[in-house]
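Asks: Just dropping this structure here.
2 protein chains.
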Amino acid sequence: MKAKNVPQGSGKVKSPTLEDVAREAGLSPMTVSRALNTPQIVRAATVEKVKKAVAVTGYIPNLLAGGLASKKSKLIAVVVPQINNNMFVDSVQALSDQLAKRGYHMLLCVSGYTEEVETEIVSAILSRRPDGIVLTGIQHSPEMKRIILSSGVPVVEIWDLTPTPLDILVGFSHEKIGNKIAQYMHDKGYRKFGLIWTEDRRASVRKKGVIDALESYGDSTVATVTVELPATLSRGRQGLGQLLDLNQQYDAIICSSDTLAQGAIIEASARGLSVPRNLGVIGFGNLDFAQHNVPSISTISIDRWRVGIDAANMLADKIEGKELAEHVIDIGFELIERESS
Amino acid sequence: MKAKNVPQGSGKVKSPTLEDVAREAGLSPMTVSRALNTPQIVRAATVEKVKKAVAVTGYIPNLLAGGLASKKSKLIAVVVPQINNNMFVDSVQALSDQLAKRGYHMLLCVSGYTEEVETEIVSAILSRRPDGIVLTGIQHSPEMKRIILSSGVPVVEIWDLTPTPLDILVGFSHEKIGNKIAQYMHDKGYRKFGLIWTEDRRASVRKKGVIDALESYGDSTVATVTVELPATLSRGRQGLGQLLDLNQQYDAIICSSDTLAQGAIIEASARGLSVPRNLGVIGFGNLDFAQHNVPSISTISIDRWRVGIDAANMLADKIEGKELAEHVIDIGFELIERESS
DNA sequence: TTGTAGGCGTTATCAT
DNA sequence: ATGATAACGCCTACAA
Numbered sequence: 001m002k003a004k005n006v007p008q009g010s011g012k013v014k015s016p017t018l019e020d021v022a023r024e025a026g027l028s029p030m031t032v033s034r035a036l037n038t039p040q041i042v043r044a045a046t047v048e049k050v051k052k053a054v055a056v057t058g059y060i061p062n063l064l065a066g067g068l069a070s071k072k073s074k075l076i077a078v079v080v081p082q083i084n085n086n087m088f089v090d091s092v093q094a095l096s097d098q099l100a101k102r103g104y105h106m107l108l109c110v111s112g113y114t115e116e117v118e119t120e121i122v123s124a125i126l127s128r129r130p131d132g133i134v135l136t137g138i139q140h141s142p143e144m145k146r147i148i149l150s151s152g153v154p155v156v157e158i159w160d161l162t163p164t165p166l167d168i169l170v171g172f173s174h175e176k177i178g179n180k181i182a183q184y185m186h187d188k189g190y191r192k193f194g195l196i197w198t199e200d201r202r203a204s205v206r207k208k209g210v211i212d213a214l215e216s217y218g219d220s221t222v223a224t225v226t227v228e229l230p231a232t233l234s235r236g237r238q239g240l241g242q243l244l245d246l247n248q249q250y251d252a253i254i255c256s257s258d259t260l261a262q263g264a265i266i267e268a269s270a271r272g273l274s275v276p277r278n279l280g281v282i283g284f285g286n287l288d289f290a291q292h293n294v295p296s297i298s299t300i301s302i303d304r305w306r307v308g309i310d311a312a313n314m315l316a317d318k319i320e321g322k323e324l325a326e327h328v329i330d331i332g333f334e335l336i337e338r339e340s341s
Numbered sequence: 001m002k003a004k005n006v007p008q009g010s011g012k013v014k015s016p017t018l019e020d021v022a023r024e025a026g027l028s029p030m031t032v033s034r035a036l037n038t039p040q041i042v043r044a045a046t047v048e049k050v051k052k053a054v055a056v057t058g059y060i061p062n063l064l065a066g067g068l069a070s071k072k073s074k075l076i077a078v079v080v081p082q083i084n085n086n087m088f089v090d091s092v093q094a095l096s097d098q099l100a101k102r103g104y105h106m107l108l109c110v111s112g113y114t115e116e117v118e119t120e121i122v123s124a125i126l127s128r129r130p131d132g133i134v135l136t137g138i139q140h141s142p143e144m145k146r147i148i149l150s151s152g153v154p155v156v157e158i159w160d161l162t163p164t165p166l167d168i169l170v171g172f173s174h175e176k177i178g179n180k181i182a183q184y185m186h187d188k189g190y191r192k193f194g195l196i197w198t199e200d201r202r203a204s205v206r207k208k209g210v211i212d213a214l215e216s217y218g219d220s221t222v223a224t225v226t227v228e229l230p231a232t233l234s235r236g237r238q239g240l241g242q243l244l245d246l247n248q249q250y251d252a253i254i255c256s257s258d259t260l261a262q263g264a265i266i267e268a269s270a271r272g273l274s275v276p277r278n279l280g281v282i283g284f285g286n287l288d289f290a291q292h293n294v295p296s297i298s299t300i301s302i303d304r305w306r307v308g309i310d311a312a313n314m315l316a317d318k319i320e321g322k323e324l325a326e327h328v329i330d331i332g333f334e335l336i337e338r339e340s341s
């Protein structure tokens, strides 16, 4: 085996290129490229030679160069408001897993809850020429829509529903969830409601769904307190405290997330109120603890994992030129009745 | 304003390049590049011209090309065992935030808990020519060490501690944490211990720390049950059930995470055991709910956010050629005593 | 099945 | 302060 990769003067060893591998294998760079990317169209013996040469040289492909030439980056950019949020993180993990299986890497960007930041991030992202983009939600600045559409990059919006997506969509209706919660609680006989709610856009739509439905029944009262993002147990406790301070009567508490619900239950208990005897409680998300809490927490279950899987698959399909049966998937939701209501 | 970007035949509009901007501005591509990247060394009037031309053409830089030419990708690859883990996710979010402030994007990869997968992922990652890499833990395959070191890319290991890091390290000692927990519980008078533990490597080191310290006291008994990853509330409940089924006596339960501890407390309560009266409980992580649970949960607090911030800053500093005061940061930990023990 | 030529869009370097 | 030229490492397209 002959000397390879002789250090240039005193500097770092330049990392080997296709050409170095080709020289080592006694082939042309193009053949090496084919052996690596489309081995089916290369003679088996040649592929073997290339493999050996790759091992000898320690070759690592350069996707910057590859992407520049082929106009395929094998990169998917994912934009979420936050990662450390029990709801999104499962979808992100599912996305990451499924994209990896399909041969893509995930560029993850955190946008917070403002359109402005999202717009900036998308602009920055596009300069990496991703093969696809995943956005959380359907609310975007006009500028961002313009930019992203004119870039021609396939887009998936997740976690919400609209008849007019940018491109592909995998989500569910927050308004229907609100309606469903209201209907269920009303059917159970609750009439005097307290709401503990965070203020991101999707939560607000759910709230509207709850309130609209309750108003349509005409026999219920609703008081609302707003808590900061992110939803935490302590904010749930505070929220219930604030509701009670309003000196109103409640027979049920509806929370914009299970975490808040858990906090509300703890606070209720600390104040001598029993759930569900004195107060019915329902949350949203069906997080792990909801089932095992004492009392267990009624909630809305979303298949968060599926959101990620479906988004990844549809995006990859579209990128690879496959026809999509549908561009919008409503993955729905399920109300889970438990001890707290 | 004259016509620009005339569609080529019937196909897609080719996205504008530096050259298009240069033509629009009446400058050379190189000057446009400078105006965009190092405006300080370009005449202000020229920068203005370029800005206008960029707006007119809708130019979006191509970082694939830029990175190829400059050998800087402004990309940091982050490898974690899982994202949907309450411990890591905060560090990842902090990393993402801080890297963004420093002008880097984050490529996020999920490796699971096996060295093999980590090795594959790192190989794949290197083909994107990241400016830096963040790895979780200090346990890596020899092959991966070889690959990553010979690539010359700066590396930060997080969430663990060793005198011999690959490069930079931001973490804390799991063994010391184990020792500390044992010492604290022993001091509180507990002697008959049940452990509910997950089996990832770092948790195992903490367990060893607990058991070694308890053995050194010589007057304590220890029984252990192992639960699957990820740690969930229900596995904490099951874990306590299994411990009790062993027909041993316990006065304290030590859990490898707060989530398991919360589950154990619930199960204890369901079986008529009061915490801490009949059973002391301590967890790990100081997750949000630990403080507000009833009873509140004693635990070990780690500044997870700081891990991410420091890792991002040290990596960016190193990439940008700044001297690092130290290559290893032990961010330490704190035992927080609460009602459960 | 393999090879050759040229270009992808940018920046480093040297010149003006 | 600005421009010209030559890489950067790979792939498309065509040729053999």
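Each protein sequence line maps, in turn, to chains P and L. Position one of the first sequence corresponds to residue 1 (the UniProt record's numbering), numbered consecutively onward. Position one of the second sequence corresponds to residue 1 (the UniProt record's numbering), numbered consecutively onward. For glycine and all other residues, C-beta sits at the position ideal for the given N, C-alpha and C.
(1) Please give me, in chain order, every unbroken run of the beta strand (DSSP E) with length at least 3 that falls completely inside the segment 231-268 of chain P.
(2) For A55 (chain L), name the three-state secondary structure that DSSP assigns.
(3) Looking only at its own chain, which residues have a Cβ that is under 7 Å from the Cβ of K145 (chain P), when we skip the five neighbours before and after it?
(4) Keeping to the same chain, check which residues put their C-beta closer than 6 Å to that of F88 (chain L); ignore five residues upstream and five downstream.
(5) Does the beta-carbon of D219 (chain L) have 16 or more other beta-carbons within 10 angstroms, so that it is buried, or is it exposed?
(6) How about Q97 (chain P): is its C-beta nearer than 8 Å to some C-beta of chain L?
(7) Counting Cβ pairs, one atom from each stretch, are 3 or more of them under 8 Å apart for the segment 325-332 of chain L and the segment 161-175 of chain L?
(8) Using DSSP bridges, identify the partner residues of T224 (chain L).
(9) Hey, how far is the Cα of P39 (chain P) from the Cα of K74 (chain P)?
(10) Counting Cβ pairs, one atom from each stretch, are 3 or more of them under 8 Å apart for the segment 103-112 of chain L and the segment 137-156 of chain L?
(11) In chain L, which residues lie less than 7 Å from P61 (chain P) when you measure between Cβ atoms?
(12) For L108 (chain L) and chain P, any beta-carbon pair shorter than 8 Å?
(13) Using the three-state DSSP reduction, which class does V42 (chain P) fall into: helix, strand or coil?
(14) Whose C-alpha, out of P:T221, P:V50 and P:D20, is nearest the C-alpha of R34 (chain P)?
(15) Identify which residue in P:V294, P:C255 and P:L240 has its Cα closest to the Cα of R237 (chain L).
(16) I need the straight-line Cα distance from P61 (chain P) to K72 (chain P), nearest angstrom please.
(17) Is the segment 269-282 of chain P in contact with the segment 310-320 of chain P, if contact means three or more CB pairs nearer than 8 Å?
(18) Could you pull the DSSP bridge partners for A77 (chain P) from this structure?
(19) What do you reckon, are the CB atoms on I282 (chain L) and M185 (chain L) nearer than 8 Å?
(20) Find the nearest neighbour of residue 401 (chain P) within the set P:D200, P:G194 and P:I211, judged by alpha-carbon distance.
(21) Starting from R271 (chain P), find everything on chain L with Cβ-Cβ shorter than 7 Å and list it in chain order.
(22) If you follow the beta strand (DSSP E) that G280 (chain P) is in, where does it begin and where does it stop?
(23) In the structure shown, what three-state DSSP assignment does M1 (chain P) receive?
(24) Along the chain, where does the alpha helix (DSSP H) containing T31 (chain P) start, and where does it finish?
(25) Between the C-alpha atoms of A290 (chain L) and I336 (chain P), what's the straight-line distance to the nearest angstrom?
(26) Looking only at C-alpha atoms, which of P:A268, P:S257, P:L68 and P:A22 sits nearest to V240 (chain P)?
(27) Is the separation between the beta-carbon of A53 (chain P) and that of E24 (chain P) shorter than 8 Å?
(28) Could you tell me whether the Cβ of H140 (chain P) comes closer than 8 Å to any Cβ of chain L?
(29) Is it buried or exposed, G308 (chain L), if we count other Cβ atoms within 10 angstroms and call 16 or more buried?
(30) I'd like to know whether the C-beta of G280 (chain L) is nearer than 8 Å to at least one C-beta of chain P.
(31) Locate the beta strand (DSSP E) running through E339 (chain P), then write down its first and last residues.
(32) Classify I319 (chain L) as helix, strand or coil using the three-state DSSP reduction.
(33) Can you pull the chain L neighbours of T232 (chain P), defined as C-beta to C-beta under 7 Å?
(34) For a cutoff of 8 Å on Cβ pairs, would you count A65 (chain L) as touching chain P?
(35) List the residues of chain P that D90 (chain L) touches, going by C-beta distances under 7 Å, in chain order.
(36) CA-CA distance, I133 (chain L) and G209 (chain P)?
Replies: Result, derived from the coordinates:
(1) 252-255
(2) helix
(3) L166
(4) V80
(5) exposed
(6) Correcting the residue type first, residue 97 (chain P) is Asp in the shown sequence and not Gln. It does: the Cβ of D97 (chain P) has a partner Cβ on chain L nearer than 8 Å.
(7) yes
(8) L:L195
(9) 19 Å
(10) no
(11) S127
(12) yes
(13) coil
(14) P:V50
(15) P:V294
(16) 14 Å
(17) no
(18) P:L107 and P:I133
(19) yes
(20) As shown, chain P starts at 1 and ends at 341. That puts residue 401 (chain P) outside it, with no answer to give.
(21) Within chain L, no residue comes near R271 (chain P); the closest Cβ sits about 12 Å away, beyond 7 Å.
(22) G280 to I282
(23) Confidence is the limiting factor: at M1 (chain P) the pLDDT is only 31, short of 50, which leaves the residue's position unreliable and the question unanswerable from this model.
(24) P29 to N37
(25) 26 Å
(26) Checking the sequence shown, residue 240 (chain P) turns out to be Leu, not Val. Measuring from the Cα of L240 (chain P), the nearest candidate turns out to be P:A268.
(27) yes
(28) no
(29) buried
(30) no
(31) Element bounds for E339 (chain P): n/a, residue is neither H nor E.
(32) helix
(33) D288
(34) yes
(35) N84
(36) 45 Å
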